[in-house]
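*Asks:* I have a structure I would like to understand better, so I am pasting it below and will then ask my questions one at a time.
There are 2 protein chains.
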Amino acid sequence: MEKQTITIYDVAREANVSMATVSRVVNGNPNVKPITRKKVLEVIDRLDYRPNAVARGLASKKTTTVGVIIPDVSNIYFSSLARGIDDVATMYKYNIILTNSDGDSEKEVNVLNNLLAKQVDGVIFMGHHITDQLRAEFSRSRTPIVLAGSVDPDNQVGSVNIDYKGATREAVELLANNGHEKIAFVSGPLLDPINGKERLSGYKEALKDKGLKYSEGLIFESTFEYKQGVDLAERVLNSGATAALVVSDELAVGIANALQDNGLKIPDDFEIVTSNNSLLTEIVRPRLTSITQPLYDIGAVAMRLLTKLMNKEEIEEKVVILPHGINKRGSTK
Amino acid sequence: MEKQTITIYDVAREANVSMATVSRVVNGNPNVKPITRKKVLEVIDRLDYRPNAVARGLASKKTTTVGVIIPDVSNIYFSSLARGIDDVATMYKYNIILTNSDGDSEKEVNVLNNLLAKQVDGVIFMGHHITDQLRAEFSRSRTPIVLAGSVDPDNQVGSVNIDYKGATREAVELLANNGHEKIAFVSGPLLDPINGKERLSGYKEALKDKGLKYSEGLIFESTFEYKQGVDLAERVLNSGATAALVVSDELAVGIANALQDNGLKIPDDFEIVTSNNSLLTEIVRPRLTSITQPLYDIGAVAMRLLTKLMNKEEIEEKVVILPHGINKRGSTK
DNA sequence: CTGTTAGCGCCTTCAG
DNA sequence: CTGAAGGCGCTAACAG
Numbered sequence: 001m002e003k004q005t006i007t008i009y010d011v012a013r014e015a016n017v018s019m020a021t022v023s024r025v026v027n028g029n030p031n032v033k034p035i036t037r038k039k040v041l042e043v044i045d046r047l048d049y050r051p052n053a054v055a056r057g058l059a060s061k062k063t064t065t066v067g068v069i070i071p072d073v074s075n076i077y078f079s080s081l082a083r084g085i086d087d088v089a090t091m092y093k094y095n096i097i098l099t100n101s102d103g104d105s106e107k108e109v110n111v112l113n114n115l116l117a118k119q120v121d122g123v124i125f126m127g128h129h130i131t132d133q134l135r136a137e138f139s140r141s142r143t144p145i146v147l148a149g150s151v152d153p154d155n156q157v158g159s160v161n162i163d164y165k166g167a168t169r170e171a172v173e174l175l176a177n178n179g180h181e182k183i184a185f186v187s188g189p190l191l192d193p194i195n196g197k198e199r200l201s202g203y204k205e206a207l208k209d210k211g212l213k214y215s216e217g218l219i220f221e222s223t224f225e226y227k228q229g230v231d232l233a234e235r236v237l238n239s240g241a242t243a244a245l246v247v248s249d250e251l252a253v254g255i256a257n258a259l260q261d262n263g264l265k266i267p268d269d270f271e272i273v274t275s276n277n278s279l280l281t282e283i284v285r286p287r288l289t290s291i292t293q294p295l296y297d298i299g300a301v302a303m304r305l306l307t308k309l310m311n312k313e314e315i316e317e318k319v320v321i322l323p324h325g326i327n328k329r330g331s332t333k
Numbered sequence: 001m002e003k004q005t006i007t008i009y010d011v012a013r014e015a016n017v018s019m020a021t022v023s024r025v026v027n028g029n030p031n032v033k034p035i036t037r038k039k040v041l042e043v044i045d046r047l048d049y050r051p052n053a054v055a056r057g058l059a060s061k062k063t064t065t066v067g068v069i070i071p072d073v074s075n076i077y078f079s080s081l082a083r084g085i086d087d088v089a090t091m092y093k094y095n096i097i098l099t100n101s102d103g104d105s106e107k108e109v110n111v112l113n114n115l116l117a118k119q120v121d122g123v124i125f126m127g128h129h130i131t132d133q134l135r136a137e138f139s140r141s142r143t144p145i146v147l148a149g150s151v152d153p154d155n156q157v158g159s160v161n162i163d164y165k166g167a168t169r170e171a172v173e174l175l176a177n178n179g180h181e182k183i184a185f186v187s188g189p190l191l192d193p194i195n196g197k198e199r200l201s202g203y204k205e206a207l208k209d210k211g212l213k214y215s216e217g218l219i220f221e222s223t224f225e226y227k228q229g230v231d232l233a234e235r236v237l238n239s240g241a242t243a244a245l246v247v248s249d250e251l252a253v254g255i256a257n258a259l260q261d262n263g264l265k266i267p268d269d270f271e272i273v274t275s276n277n278s279l280l281t282e283i284v285r286p287r288l289t290s291i292t293q294p295l296y297d298i299g300a301v302a303m304r305l306l307t308k309l310m311n312k313e314e315i316e317e318k319v320v321i322l323p324h325g326i327n328k329r330g331s332t333k
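Protein chains in written order, with the UniProt record's numbering: chain A, 1 to 333; chain B, 1 to 333.
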């Protein structure tokens, strides 16, 4: 195939200048006489020249693309982050290579290496449990990495999150204040430190503050899907719980629907607080009270932080905590 | 910065072979004596050599990355397609550069050019209205392009869709068979040919088949968001309609909720059929009857088609229509 | 302000 | 089966 590409050399010849000069105008280098610049731009336009980013990347060692590792784009939680990431990336002239990992640690390592092979200038990682192997890869690479909506117990790399522990504590306290003594903690995999460490300890703290006793029987480990919630509802009810803090909206809706389909009234018979404040909480009846977390912003700030890292700017704080809140709706009294 | 990268040259030296040989083993070229191969692989492993994909891209003119233009990843409809695209891309060793366009035609053109500058091997485009300028860019480029979930009236490029017209006709016929004479058509922008041509003519055909008369007053043009649906509900009701075909699940849920919050019973007082069969249709009460379309598969097949195009394989048919269906739930009798 | 000259790291004939 | 050599298209000193 003879893909008739026109190169910087062609432009230089047509404009009677050297390729260096063409390179300068293309890159906005001020050291070019206006007249020359104009002439070159004209030729560029006439020839419809488009700089080859790959060649540029090889020569400059910068690709202006960042890798984004995400468990699943089709999950609204992550896709919200992704949108924030891309918007800020675009703002700073970066593109993102997006790869799904399914939270599978083996894939995560593969994908990361693949991204590094492609010479991305930085990486944003979203995941659950960060394995030691992955952490090893992180530190081995000289490429800046930022976690978004994922905590690294060691804080080796930058990260952007909310205070999951505090938010969960507040939510559980809300429930406790409404008179509940048996409050279920319906979690995703506890292996994920956000669940197993942050949120769980927030839950425990709340119980302690309110003089309630902790019971293993009120802890439910699950995945994040709607169907899981539906299936879990009965067990949660049988545990004696009269309220629940749920870590995922889909899960929460599943529980709420199953409970209601069984004739229970929410919030009269059972109260629920969920954690993501997605559109789902607004759509279902009753609407779900939820912790609010700025998903889009988490992504956006993570990307912003990454740009600073890539630019070798001084970072005041590489672990960023964004504000959260609680949006009270119909699933609590 | 002295990023101590180790190159193919280092490997060659350590292994006492030429870089050509290293290149061969890295690329799986069979013309290498097993012993040599083994030796090289050993050195690669020892030095932890990772081929530079950018250099490779420059030399081979293949980047093994494809560009994906998407209106909004945080929209479940598109993110489902994106997931299908990425899975198949991964399967074929491609990465995807994902960029949001907001369906803005100016951005789309920019983004496309940016992608082409990065020498992507192919492009998957998702959008609504394909402007002439964009179509011009498409045909000007020698890079294969496939549309996913988007129709190009001219069929200049490959595309993967369902039969929107037929699906809509069936849905409206379902409503007509239930005795409705005034059926609203609640659409996204009619500028999008999927709405303004395909679905609308399916709607009209159904009316005609059922001996119902078409009325402008029953056509509603909107965007896809939940809130729009809520706001639209009253107008739809005032139009005299007793049923509606809605093109977006969010929109449909908005209408259903607003109607019910106003005391109407669904499906007794009003029936609704929506179009995307997303989780939303399953979550709300009553559940929503919906056209089913294989979103993930549309993305997956589009990417598969693109791989063939990039590989210059013979294509039997570059316009692929995937099967659809109707999933009856509680919003219809 | 502009041109020259080296590469960036790898692939790909072409010989041998 | 293996090596040598010439780019791929562009950036980046370094002169002038």
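We treat Cβ as the ideally placed atom computed from N, Cα and C, and that holds for glycine.
How would you list, in chain order, the residues of chain B whose beta-carbon sits under 7 angstroms from the beta-carbon of Pro51 (chain A)?
*Replies:* Reading the first sequence from its first residue, position 51 is the one you call residue 51 (chain A). By Cβ distance, chain B contributes Ala117.
*Asks:* Between Asn177 (chain B) and Pro193 (chain B), what straight-line distance do the alpha-carbon atoms span, to the nearest angstrom?
*Replies:* Counting from one through the second sequence, the residue named residue 177 (chain B) turns up at place 177. Counting from one through the second sequence, the residue named residue 193 (chain B) turns up at place 193. In a straight line, the C-alpha of Asn177 (chain B) is about 27 angstroms away from that of Pro193 (chain B).
*Asks:* In three-state DSSP terms, what is Lys3 (chain A)?
*Replies:* Translated into positions along the first sequence, residue 3 (chain A) becomes position 3. Confidence at Lys3 (chain A) is low in this model, with a pLDDT of 45, below 50, so its placement is unreliable and no value can be given for it.
*Asks:* At a Cβ threshold of 8 angstroms, is Gly166 (chain A) touching chain B?
*Replies:* For this step, residue 166 (chain A) is matched to residue 166 along the first sequence. No, Gly166 (chain A) lies away from the interface with chain B (no Cβ there is under 8 angstroms from its Cβ).
*Asks:* Looking at C-beta atoms only, is the number of pairs between the region 59–75 of chain A and the region 94–107 of chain A that lie closer than 8 angstroms three or more?
*Replies:* Because the criterion of three Cβ pairs below 8 angstroms is met, the region 59–75 of chain A and the region 94–107 of chain A touch.
*Asks:* Starting from Ile44 (chain A) and walking both ways along the alpha helix (DSSP H), at which residues does that stretch end?
*Replies:* Taking the first sequence and counting its residues from 1, one reaches residue 44 (chain A) at position 44. Run containing Ile44 (chain A): 34–47, per the alpha helix (DSSP H) assignment.
*Asks:* Here's the rule I'm using: 16 or more other beta-carbon atoms within 10 Å means buried, otherwise exposed. How should Ala184 (chain A) be labelled?
*Replies:* Within the first sequence, the letter at position 184 stands for residue 184 (chain A). With 16 or more Cβ atoms within 10 Å of its Cβ, Ala184 (chain A) is classed as buried.
*Asks:* In or out: Glu250 (chain B) buried (at least 16 other Cβ within 10 Å) or exposed?
*Replies:* Here the question's residue 250 (chain B) lines up with position 250 in the second sequence. Glu250 (chain B) is buried by the Cβ-count criterion.
*Asks:* Of the residues that make up the UniProt domain "HTH lacI-type" (6–60) of chain B, which ones have a beta carbon closer than 7 angstroms to any beta carbon in chain A?
*Replies:* From the UniProt domain "HTH lacI-type" (6–60) of chain B, only Arg50, Pro51, Asn52, Ala53, Val54, Ala55, Gly57, Leu58 have a Cβ closer than 7 angstroms to chain A.
*Asks:* Just the C-alpha distance for Glu137 (chain B) and Gly103 (chain B), rounded to the nearest angstrom, thanks.
*Replies:* Reading the second sequence from its first residue, position 137 is the one you call residue 137 (chain B). Reading the second sequence from its first residue, position 103 is the one you call residue 103 (chain B). Each residue's Cα considered, the two are about 16 angstroms apart.
*Asks:* Rounding to the nearest angstrom, what Cα-Cα distance links Ser331 (chain A) and Val123 (chain A) in this structure?
*Replies:* The residue labelled residue 331 (chain A) in the question sits at position 331 within the first sequence. The residue labelled residue 123 (chain A) in the question sits at position 123 within the first sequence. Taking the straight line from one Cα to the other gives about 39 angstroms.
*Asks:* Rank A:Pro189, A:Lys197, A:Asp154, A:Gly211 by C-alpha distance to the C-alpha of Lys182 (chain A) and give the top, closest one.
*Replies:* Working through the first sequence from its first residue, we reach residue 182 (chain A) at position 182. The shortest C-alpha separation from Lys182 (chain A) is found at A:Gly211.
*Asks:* Out of curiosity, what's the CA-to-CA distance linking Leu237 (chain B) and Ser201 (chain B)?
*Replies:* Walking along the second sequence from the start, residue 237 (chain B) turns up at place 237. Walking along the second sequence from the start, residue 201 (chain B) turns up at place 201. Cα to Cα, the separation comes out at about 23 angstroms.
*Asks:* In the DSSP assignment, find the unbroken beta strand (DSSP E) run with Leu322 (chain B) in it and report its ends.
*Replies:* Here residue 322 (chain B) is taken as the residue at index 322 of the second sequence, counted from 1. Element bounds for Leu322 (chain B): 319–322.
*Asks:* Compare the beta carbon distance of Ile162 (chain A) and Leu322 (chain A) with 8 angstroms and say whether it is the shorter of the two.
*Replies:* If you number the first sequence from 1, residue 162 (chain A) lands on position 162. If you number the first sequence from 1, residue 322 (chain A) lands on position 322. Taking 8 angstroms as the Cβ cut-off, Ile162 (chain A) and Leu322 (chain A) qualify as a contacting pair.
*Asks:* Could you say which of A:Val73, A:Phe220, A:Asn195, A:Thr143 lies nearest to Met310 (chain A) if we only look at CA atoms?
*Replies:* Here residue 310 (chain A) is taken as the residue at index 310 of the first sequence, counted from 1. The shortest C-alpha separation from Met310 (chain A) is found at A:Thr143.
*Asks:* Where do the N-terminal and C-terminal ends of the beta strand (DSSP E) with Asn161 (chain A) fall, by residue?
*Replies:* The sequence position of residue 161 (chain A) within the first sequence is 161, counting from 1. Asn161 (chain A) -> beta strand (DSSP E) spans 158–162.
*Asks:* Around the C-beta of Asn16 (chain A), are 16 or more other C-beta atoms found within 10 angstroms, so that it is buried, or is it exposed?
*Replies:* For this step, residue 16 (chain A) is matched to residue 16 along the first sequence. Answer is exposed; the Cβ neighbour count stays below 16.
*Asks:* Considering only the alpha carbon of each residue, which of A:Val301, A:Val247, A:Thr307 lies closest to Thr281 (chain A)?
*Replies:* Within the first sequence, numbered from 1, the residue matching residue 281 (chain A) stands at position 281. Per the Cα distances, A:Val247.
*Asks:* Flag Leu280 (chain A) as yes if its beta-carbon sits less than 8 angstroms from any beta-carbon of chain B, otherwise no.
*Replies:* Position 280 of the first sequence, counting from 1, holds the residue named residue 280 (chain A). Answer yes: the Cβ-Cβ gap between Leu280 (chain A) and chain B drops below 8 angstroms somewhere.
*Asks:* Starting from Ala184 (chain A) and walking both ways along the beta strand (DSSP E), at which residues does that stretch end?
*Replies:* In the first sequence, the residue the question calls residue 184 (chain A) occupies position 184. 183–187 is the span of the beta strand (DSSP E), which, as asked, contains Ala184 (chain A).
*Asks:* At the 8 angstroms Cβ level, is residue 334 (chain A) part of the contact set with chain B, yes or no?
*Replies:* Beyond the ends of chain A as shown, which are 1 and 333, falls residue 334 (chain A); an answer cannot be given.
*Asks:* Residues of chain A with CB closer than 8 angstroms to the CB of Asp86 (chain B), please, in chain order.
*Replies:* Working through the second sequence from its first residue, we reach residue 86 (chain B) at position 86. Per Cβ cutoff of 8 angstroms: Val73, Leu98, Thr99, Asn100.
*Asks:* Have a look at the DSSP bridge pairing and note the partners of Ala241 (chain B).
*Replies:* Position 241 of the second sequence, counted from the first residue, corresponds to residue 241 (chain B). Its beta-bridge partners do not exist; DSSP assigns none.
*Asks:* Are the region 39–48 of chain A and the region 26–44 of chain B touching, with three or more C-beta to C-beta distances below 8 angstroms?
*Replies:* At 8 angstroms Cβ cutoff, the stretches do not touch.
*Asks:* Pick out whichever of A:Asp48, A:Phe78, A:Ile326 has its Cα sitting closest to the Cα of Ile8 (chain A).
*Replies:* Taking the first sequence and counting its residues from 1, one reaches residue 8 (chain A) at position 8. Nearest of A:Asp48, A:Phe78, A:Ile326 to Ile8 (chain A), Cα basis: A:Asp48.
*Asks:* Would Ser141 (chain A) and Gly188 (chain A) qualify as a contact pair, given that the criterion is a beta-carbon distance under 8 angstroms?
*Replies:* Mapped onto the first sequence, residue 141 (chain A) falls at position 141. Mapped onto the first sequence, residue 188 (chain A) falls at position 188. Contact: no.
*Asks:* Let me check one thing: in DSSP terms, what residues is Thr289 (chain B) bridge-paired to?
*Replies:* Indexing the second sequence from 1 puts residue 289 (chain B) at position 289. DSSP, once it has assigned bridges, lists B:Val273 as partnering Thr289 (chain B).
*Asks:* Answer yes or no: do Phe270 (chain B) and Leu264 (chain B) have a C-beta to C-beta separation smaller than 8 angstroms?
*Replies:* Residue mapping note: residue 270 (chain B) aligns to position 270 of the second sequence, counting from 1. Residue mapping note: residue 264 (chain B) aligns to position 264 of the second sequence, counting from 1. Yes, the pair counts as a contact, with Cβ atoms nearer than the cut-off.
*Asks:* Quick one: is Glu317 (chain A) buried, meaning 16 or more other Cβ sit within 10 Å of its Cβ, or exposed?
*Replies:* Taking the first sequence and counting its residues from 1, the one referred to as residue 317 (chain A) is at position 317. Exposed, since its Cβ has fewer than 16 Cβ neighbours within 10 Å.
*Asks:* Within 10 angstroms of the Cβ of Ala59 (chain A), are there 16 or more other Cβ atoms? Answer buried if so, exposed if not.
*Replies:* Within the first sequence, numbered from 1, the residue matching residue 59 (chain A) stands at position 59. So Ala59 (chain A) counts as exposed.
*Asks:* Interface residues of chain B around Arg83 (chain A) at Cβ under 8 angstroms?
*Replies:* The sequence position of residue 83 (chain A) within the first sequence is 83, counting from 1. Near Arg83 (chain A) (Cβ distances below 8 angstroms), the residues of chain B are Asp72, Val73, Ser74, Asn100.
*Asks:* Under the assumption that Val120 (chain B) contacts Leu98 (chain B) (Cβ atoms under 8 angstroms), give the Cβ distance between them as a whole number of angstroms.
*Replies:* As a first step, residue 120 (chain B) must be located in the second sequence, where it is residue number 120. As a first step, residue 98 (chain B) must be located in the second sequence, where it is residue number 98. Wrong, their Cβ atoms sit about 11 angstroms apart, outside the cutoff.
*Asks:* In or out: Gly179 (chain A) buried (at least 16 other Cβ within 10 Å) or exposed?
*Replies:* If you number the first sequence from 1, residue 179 (chain A) lands on position 179. Gly179 (chain A) comes out exposed.
*Asks:* Looking at Leu259 (chain A): is its Cβ nearer than 8 angstroms to the Cβ of Ala233 (chain A)?
*Replies:* For the purposes of this step, residue 259 (chain A) is taken as the residue at position 259 of the first sequence. For the purposes of this step, residue 233 (chain A) is taken as the residue at position 233 of the first sequence. Yes. Within cutoff.
*Asks:* Look at the alpha carbon of Glu313 (chain B) and the alpha carbon of Arg304 (chain B), and state the distance between them as a whole number of angstroms.
*Replies:* Along the second sequence, one-based indexing puts residue 313 (chain B) at 313. Along the second sequence, one-based indexing puts residue 304 (chain B) at 304. Going from the Cα of Glu313 (chain B) to the Cα of Arg304 (chain B) covers about 11 angstroms.
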